[in-house]
DNA sequence: AGTATAATGTTGCAATTGCAACATTTTTAC
DNA sequence: GTAAAAATGTTGCAATTGCAACATTATACT
């Protein structure tokens, strides 16, 4: 269940979805979601699938801002999607639910009993996004490729609760996410392997320290 | 006025402060605020002064996470301050107001008419923090020192609405914020100056492009 | 199934950067 | 007011990294 509905029973969830004019979409792989839905002040969550929030700068460089997996929440207020360079791309077929953010803010809704809980959830989710951003900043602040990789692995390992990591990003994407050159990253990954810090096979990485 | 009280009249502000058990503190320069107030689930804002949220990692490296100027909001939900490595340090004498975050979330308050507005403000502020984090990520993702500096200047200039920038960070702090070596940064700053991209005198920098 | 396209490996080399080690200036603290 | 501490300048050099340019899989598409 999406954290957006934490502590809200099924009946009230339905009411909420109705009140907030929820729309459900299913998109095939590699669809530009924002372009497709054309609305610009929304909150959404992923029912199933996998998407990435990306940004393309004036030089045409694309960066992955965020990954979106099942149940995760995205939207205007969460990621500055009002800015045109941002896009959400499905990396596999994905089903999403979109809510009208203006309705969330509308005064008349605040009397609904479950609405306060919904609002709290939204605040909680938004706060957690900040933590994630701080983590990424932590990674990007490391000076060497090695330290960036190790910090990325450390955080991922902490989240998964295991030293057996399965990367959701491709190497090309990971290099992009860590803001380093792909081939240089690969070189360092090999070094880490040779020096016995990690074992790796394709996208499965085991931390040996 | 702090954005926390946007659209809330003076009378209701007072009620709110009372209900949420506001406490006011004034700290001299270089005080560790979190250590001083000892509470760990709080929202606060700066009445006057200047503070920095910092993080120290296991190697003892200190990083500036965020700057806090007059009216700006900080707190548990905004910056993961529950983590012990984080600290807020006054860089000049600062007066702050602290609110109990548990009270903000308490169910009984949601009937108060101005409370919904308060909550909206909090969500708005939290969302804006994400934008700021994204900006910093944008900067840190640049590959060269030059590009990091220029991106930092670009964003700052956009915020201030002028090409005459006055740095609030010292060079040592700025290097830290950009996650680059201070002397290397200085070298690049000199290059930018020589090549006519900027003029600079102490902490005043003028963009010439 | 077969081809186009994208991702993964690999390497040499030049450019950028971090680091160490200073001198000098500014700020802080008593 | 003065000593100590911190910040600002400056430079040479070694280490790291980005980049270009490939070969080799793997994946996607019709």
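Residue numbers (our numbering), protein chains in the order written: chain A, 1 to 209; chain B, 1001 to 1209.
No residue lacks a Cβ here, since even glycine has one placed at the ideal position from N, Cα and C.
Just so it is clear, the structure is predicted and the values come from calculations on it, not from any experiment.
About 31 Å separates the CB atoms of residue 176 of chain A and residue 24 of chain A; that is not less than 8 Å, and the two are not in contact. Between residue 172 of chain A and residue 182 of chain A, the gap from beta carbon to beta carbon is short of 7 Å. In this model, residue 1066 of chain B and residue 113 of chain A are separated by some 36 Å (Cα to Cα). Less than 7 Å separates the beta-carbon of residue 73 of chain A from that of residue 45 of chain A. Contact between residue 165 of chain A and residue 178 of chain A does not hold, since the beta-carbon distance rounds to 14 Å and is not under 8 Å.
Contact residues of the stretch 106–140 of chain A toward chain B are 110, 116, 119, 120, 122, 123, 126, 127, 129, 130, 131, 133, 134, 136, 137 and 140 (C-beta to C-beta distance below 7 Å). The beta carbon of residue 179 of chain A falls within 7 Å of a beta carbon belonging to chain B, placing the residue at that interface. From the listed residues B:1154, B:1170 and B:1185, the smallest Cα separation to residue 1206 of chain B is found for B:1154. The secondary-structure analysis by DSSP pairs residue 52 of chain A across a beta bridge with A:67 and A:89.
If you look at residue 1178 of chain B, you'll find it isn't in any beta strand (DSSP E); DSSP assigns it neither H nor E. Judged by DSSP in its simplified three-state form, residue 1100 of chain B adopts strand. Annotation for residue 1101 of chain B: 1041, 1042, 1043 and 1076 place their beta carbon closer than 6 Å to its own, counting only its chain and skipping 5 residues before and after. Partner residues in the beta bridge of residue 1201 of chain B, as assigned by DSSP, are B:1204.
By the C-beta criterion, the stretch 134–154 of chain A is judged to be in contact with the stretch 187–202 of chain A, since at least 3 inter-stretch pairs fall below 8 Å. Taking 7 Å as the threshold, the shortest C-beta distance from residue 1063 of chain B to chain A falls below it. Under the DSSP definition of a beta bridge, residue 165 of chain A partners with A:205.
CA-CA distance, residue 1015 of chain B to residue 1007 of chain B, rounds to 14 Å. Contact note: residue 159 of chain A does not reach chain B at a C-beta cutoff of 9 Å; the least C-beta distance is about 14 Å. Our two residues, residue 144 of chain A and residue 18 of chain A, have alpha carbons roughly 50 Å apart in a direct line. Shown here for residue 117 of chain A: same chain residues with a beta carbon closer than 6 Å to its own, the five before and five after excluded, namely 7 and 8 in chain order.
Separation of the CB atoms of residue 1152 of chain B and residue 1091 of chain B is rounded to 19 Å, and the pair is thereby denied contact status at 8 Å.
Non-local beta-carbon contacts of residue 1209 of chain B in its own chain, meaning distances under 7 Å to residues more than five positions away in sequence, involve 1197 in chain order.
Distance from residue 56 of chain A to residue 1123 of chain B at the Cβ level is roughly 28 Å; contact not present, criterion being Cβ atoms closer than 8 Å.
Per DSSP, the unbroken alpha helix (DSSP H) holding residue 1019 of chain B starts and ends at 1010–1019.
Its chain contains 155 as the residues whose beta carbon lies nearer than 7 Å to that of residue 135 of chain A, once the 5 sequence neighbours on both sides are disregarded; these appear in chain order. Counting of Cβ neighbours within 10 angstroms places residue 170 of chain A among the exposed residues, the total staying below 16.
Residue 143 of chain A reaches chain B at 1179, 1180 and 1181, counting residues in chain order whose Cβ is nearer than 9 Å. Setting aside the 5 residues that flank it on each side, residue 1069 of chain B is surrounded in the same chain by 1046 and 1050, each with a C-beta closer than 7 Å to its C-beta; the list follows chain order. Using a Cβ distance threshold of 7 Å, residue 1029 of chain B and residue 1087 of chain B do not count as a contacting pair.
In this structure, the straight-line span from the alpha carbon of residue 1097 of chain B to that of residue 1132 of chain B is close to 23 Å.
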